[in-house]
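Single-structure report; data block below.
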Amino acid sequence: MPNLKNAVKKVKVIAKKSESNNTFKASMRTAIKKVEKAVEAKDKANASELLKDAIKKIDKAVSKGVIHKNTGARYKARLTKKVNAME
Numbered sequence: 000m001p002n003l004k005n006a007v008k009k010v011k012v013i014a015k016k017s018e019s020n021n022t023f024k025a026s027m028r029t030a031i032k033k034v035e036k037a038v039e040a041k042d043k044a045n046a047s048e049l050l051k052d053a054i055k056k057i058d059k060a061v062s063k064g065v066i067h068k069n070t071g072a073r074y075k076a077r078l079t080k081k082v083n084a085m086e
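For the sequence shown, position 85 matches number 84 in numbering that gives the first Met the number 0, and the numbering has no gaps at all.
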């Protein structure tokens, strides 16, 4: 348990930011999984629509500083590659 006033505040701030970051990460991961499921089902039209949503969520996480920009770029590249590889 922190003794100093600023340490107490820091604990509260970190908890609040962690909750926010986890929300962004969870929605991003869910969007990615939906795209991958559509790719496995070979549903190109649905996968393309879900890809747009996933890219939006990844970009949002990058802009909020939840993930690094290169990590976001890597996620987008891999997903796009999977969707484009479909027949």
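We treat Cβ as the ideally placed atom computed from N, Cα and C, and that holds for glycine.
query	result
Out of Val65, Ala84 and Ala53, which has the shortest C-alpha to C-alpha gap to Ser19?	Val65
Candidates Ala60, Asn69 and His67: which alpha carbon is nearest Thr22's?	Ala60
Where does Ala72 land, buried or exposed, given buried means 16+ other C-beta within 10 angstroms?	exposed
Let me check understanding here. Comparing Cα to Cα, which of Thr79, Pro1, Thr70 and Lys68 lies closest to Glu48?	Thr79
Decide if Ile57 is buried, meaning its Cβ has at least 16 other Cβ atoms within 10 Å, or exposed.	buried
State the Cα-Cα distance for the pair Asp42 and Ile31, rounded to the nearest angstrom.	15 Å
Which whole-angstrom value describes the C-beta separation of Asn45 and Ala53, a residue pair presumed to lie in contact below a C-beta threshold of 8 Å?	Asn45 to Ala53, Cβ: 12 Å. No contact.
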